[in-house]
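Order-wise, the sequence lines are chains A and B.
No gaps in the numbering here: position 80 of the first sequence is 80 in my numbering, and each next residue is one more.
When you read off a place in the second sequence, starting at 1, and then add 1000, the result is the number in my numbering.
2 protein chains.
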Amino acid sequence: MDKLPTIKEIAIRLNVSVSTVSRALSNHPRIGLGTKERVQQLAKELGYEPNTQAIFFKQKKTHVIGVIIPYIREDFFSQAISGIESAAIEHEYTILFGQSYDELEREIKAVAAMKKQRVDGLIISLSKETNKYNHLEALKKYDIPVVYFDRVPTMTDSHKVFCNLYKGTIELVGWLFNNGYRNIAFINGPDKLRASKERLKGYIDGISKHQLKVDMQLVETTDLSKEGTEMAMKKLLNLKKLPQAIITFNDYVHMDATQYAAKNNIAVNKHIIFVSFANLPITSYTAFPPLASIEQHPYRQGEKAMDILMTILKNKDAQESDPDIYYTEELAPSLVAYKQPAMHGL
Amino acid sequence: MDKLPTIKEIAIRLNVSVSTVSRALSNHPRIGLGTKERVQQLAKELGYEPNTQAIFFKQKKTHVIGVIIPYIREDFFSQAISGIESAAIEHEYTILFGQSYDELEREIKAVAAMKKQRVDGLIISLSKETNKYNHLEALKKYDIPVVYFDRVPTMTDSHKVFCNLYKGTIELVGWLFNNGYRNIAFINGPDKLRASKERLKGYIDGISKHQLKVDMQLVETTDLSKEGTEMAMKKLLNLKKLPQAIITFNDYVHMDATQYAAKNNIAVNKHIIFVSFANLPITSYTAFPPLASIEQHPYRQGEKAMDILMTILKNKDAQESDPDIYYTEELAPSLVAYKQPAMHGL
DNA sequence: ACGTTGTGCGCAAACGGTTGCGCACAATGC
DNA sequence: GCATTGTGCGCAACCGTTTGCGCACAACGT
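Listed below in structure tokens is the structure:
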């Protein structure tokens, strides 16, 4: 409870000025050797530790970066934040944490909180609802750079890291094709999501690439709820010609879809095979794991986002900031095949 | 890039002193109505927002609390942090995030980082390795209160929130007994873990309570790795008399155990039924969900921990802090039964 | 002996606010 | 008419640290 030792304390005890103490501690050349030693000695004895709050305040820096994600419970985001943290530690930064729960309103509040705390930078994965960016533009006034990851905005004047799901989907279709599947269905996410648009484009181009006909009856969407997915599955299972394979939007949809299929007496991964996105570790324990999945490298996305942010901050310090440079890092997704599917339907 | 408006700015423009501006903005009674209005008007026009860093610095507060957990990827902890966050928002606090990855060394570094940032308080769930508390004791010097949750220390002079797993285990045994099971095995976690000790005590007392004989052959331990769990299962499946039910340390062990059992031609949840701890949402998608699970209320533990921390901080502000009061909140676990098991072996 | 250069250190401002105290003036009471 | 009380505002210190500048003194060259 007694006051922490300050530079002033040391100054008084040693009968020197605070500036001398400050310089002695930072090894300034103009300070005599003897004085330096006495200061450093006493500092050690007193267990002096500089008040970083005061320093940061003076430097107008906090050494804190904000991270806002939709849901920490989603494995994808907890991996991403781990990647961010690991990069942050290397640069001696710490992380201020906030969730948007996919709600714009919460996102705005979280951004405001970060602004209040004067974070040095912000890394964010946008909420599903985010359709305007005033709250994020506002950070420019405070000179707080923003790096987006995974759920990135459409505007080009922003720094971002993401996984190219267009290519990923093409790869997934290709893998199915190469394993002999032709009648490939797709349960996509909500239309307005960038992630959905990319996947759809990839699906269409992937199908076309192999000289197959794109049949929009094979494409359903889900709002990502269990019910939405079941409705989509119902339609697919009611088609005259049952699909041979189903691509799902992500592993959560996958799990709902396969569960529904199983309930409806489909031999999952035999009768119809399922492939997905996300590569959740947990799927290996599920009753019906996807036979292939597109890994989106959340950890690496997080690391990259932090690296970019650090570059921006360093440049800013060096007054070399060119406000017209925008960093974009596009990661290649990778297809993870869990098993070769038993050939079927050929 | 141009400077943010400060109180000084406003003072100069209005030709009043900074103190007047400061008071006008905080509605001090001694400031004339006219002046107040002019100040507030100009502040609005300029988009003035107080520099919280400066205020916090002066007040020696940060309005930030640190949270350190072992793994954010574990659903339990991501739920807990969500609970902490929700309570934090209510009190206008933000969260500085850190993981220990169950390593003491990392925990120490994370604590040091929090200390550096001068968090107002710390909420922590200890790493498995943590056997000494110097790094946490050190926070006392900085007057940073610590609240532990779930993985709490043994010492009594600490604030803590946890779920009584002793009672939970007794309940689990009782549920099995009531459903007709007698030959109940138990795969526990590492002996040194408090969580393991509690469960073991609960198991023994639960068994005894129903006039059954405690047979230590039915108790195995795992280091929580897949291999460790498989070894434990192997021993249990090799007993002359196969257990009728198996209690596992948590849902992760459960999944490894049931997977192993299935591979060895055990009809999981028929031949032997499985119950567990943790109540992961994901288990409902798994091939072999536990028939009952002990919910440990991570979200509520997080909320509670934050509430306690807030009480401590409030009292400290009011100078009413009695350093000898230690808050302990013991949550009752709840048993969640997924299905009534088909009666068996009677 | 005098200017030059180097060495060791202190003064004071600055970062952006808050706050105790005091001062000047007006209104009030008696 | 004089003391009292209230009103409106400014001065200056303070939080803990950094840093430009200047001062005093010594060592040096010539």
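Yeah, the Cβ is synthetic: ideal placement off N, Cα and C, and Gly gets one too.
* To do: Please classify G32 (chain A): is it buried, with 16 or more other beta-carbons within 10 angstroms of its beta-carbon, or exposed?
  => exposed
* C-beta atoms of G1174 (chain B) and K1197 (chain B) nearer than 9 angstroms -> no
* To do: Check the Cβ of Y1048 (chain B) against every Cβ in chain A and list those closer than 8 angstroms, keeping chain order.
  => The premise fails here: Y1048 (chain B) is roughly 12 angstroms from chain A at the closest Cβ pair, so nothing lies under 8 angstroms.
* **Proximity test, Cβ basis, 9 angstroms: A1011 (chain B) and chain A** => no
* To do: Indicate whether at least one CB of chain B lies closer than 9 angstroms to the CB of V111 (chain A).
  => no
* **Inter-residue Cα distance where the pair is T1328 (chain B) and D75 (chain A)** => 31 angstroms
* Asked: How would you write the range of the beta strand (DSSP E) that Y1327 (chain B) sits in, first residue to last?
  -> Here Y1327 (chain B) belongs to no beta strand (DSSP E), and DSSP marks it neither H nor E.
* Using a Cβ cut-off of 7 angstroms, pull out every chain B residue sitting near I72 (chain A), in sequence order please. => I1072, S1078, I1081 and S1082
* Based on the DSSP secondary-structure assignment, which residues constitute the bridge partners of H1159 (chain B)? -> B:V1147
* Asked: Taking just the CA atoms, how far does I272 (chain A) sit from Q259 (chain A)?
  -> 13 angstroms
* Under a Cβ-count criterion, where at least 16 other Cβ atoms within 10 Å of its own Cβ denotes burial, should H254 (chain A) be classed as buried or exposed? -> buried
* To do: Let me know the secondary structure DSSP gives N1238 (chain B) once reduced to three states.
  => coil
* Which term fits E1137 (chain B), buried or exposed, when burial requires 16 or more other beta carbons within 10 angstroms of its beta carbon? -> exposed
* Asked: In terms of DSSP beta bridges, what is L1096 (chain B) paired with?
  -> A:L96 and B:G1066
* Per the contact definition of three or more C-beta pairs closer than 8 angstroms, is the segment 300 to 317 of chain A in contact with the segment 188 to 208 of chain A? -> no
* Residue of A:Y71, A:I108 and A:T52 minimising C-alpha distance to M92 (chain A) -> Going by the sequence as given, residue 92 (chain A) is Glu instead of Met. E92 (chain A) has its Cα closest to that of A:T52, out of A:Y71, A:I108 and A:T52.
* **Short CB-CB distance (under 9 angstroms) between V1336 (chain B) and chain A** => no
* Quick one: is K1141 (chain B) near chain A, going by C-beta distance under 9 angstroms? -> yes
* To do: Would you identify the three-state DSSP class for N269 (chain A), choosing helix, strand or coil?
  => coil
* **Residue closest to F162 (chain A), alpha-carbon to alpha-carbon, out of A:K316, A:E303 and A:D324** => A:E303
* To do: Given a cut-off of 9 angstroms, decide if K167 (chain A) and G121 (chain A) are closer than it, judged by their beta-carbon atoms.
  => no
* **Rounded separation between N264 (chain A) and K1213 (chain B) - CA only** => 45 angstroms
* **Straight-line gap, K109 (chain A) to T1094 (chain B) (C-alpha atoms, nearest Å)** => 11 angstroms
* **As assigned by DSSP and simplified to three states, the class of L1346 (chain B)** => With a pLDDT of 36 at L1346 (chain B), under the threshold of 50, the predicted position of this residue should be treated as unreliable, and no value is reported.
* To do: Please name the residue in B:S1078, B:M1231, B:H1135 and B:L1004 whose C-alpha comes closest to that of A1113 (chain B).
  => B:H1135
* Asked: G1098 (chain B) CB to nearest chain A CB: under 9 angstroms?
  -> yes
* To do: Let me know the secondary structure DSSP gives A1332 (chain B) once reduced to three states.
  => coil
* Do we get a CB-CB distance below 9 angstroms when we pair F979 (chain B) with the residues of chain A? -> Summary: the structure shown does not reach residue 979 (chain B), with chain B confined to residues 1001 through 1346, and so no result is reported for it.
* Give a yes or no on whether the C-beta atoms belonging to L1200 (chain B) and I1294 (chain B) are separated by under 9 angstroms. => no
* Could you work out which residue in A:P289, A:V275, A:I184 and A:P190 is closest to L239 (chain A) when comparing CA atoms only? => A:I184
* Distance between T154 (chain A) and K356 (chain A) (C-alpha atoms, nearest Å) -> The shown model of chain A, from 1 to 346, leaves out residue 356 (chain A), and the question about it has no answer.
* To do: Take V1064 (chain B) and list the residues in its own chain whose beta-carbon comes closer than 6 angstroms to its own, dropping the five residues that flank it on each side.
  => T1094, L1096 and V1119
* So, does the CB of L14 (chain A) fall closer than 9 angstroms to a CB anywhere in chain B? -> no
* To do: Within the same chain, show all residues whose beta-carbon is closer than 6 angstroms to that of V1268 (chain B), passing over the 5 residues directly before and after it, in chain order.
  => T1258, A1261, A1262 and F1288
* Using the C-alpha atoms, what's the distance from S1127 (chain B) back to E1107 (chain B)? -> 7 angstroms
* To do: Consult DSSP for S276 (chain A) and reduce its assignment to one of helix, strand or coil.
  => strand
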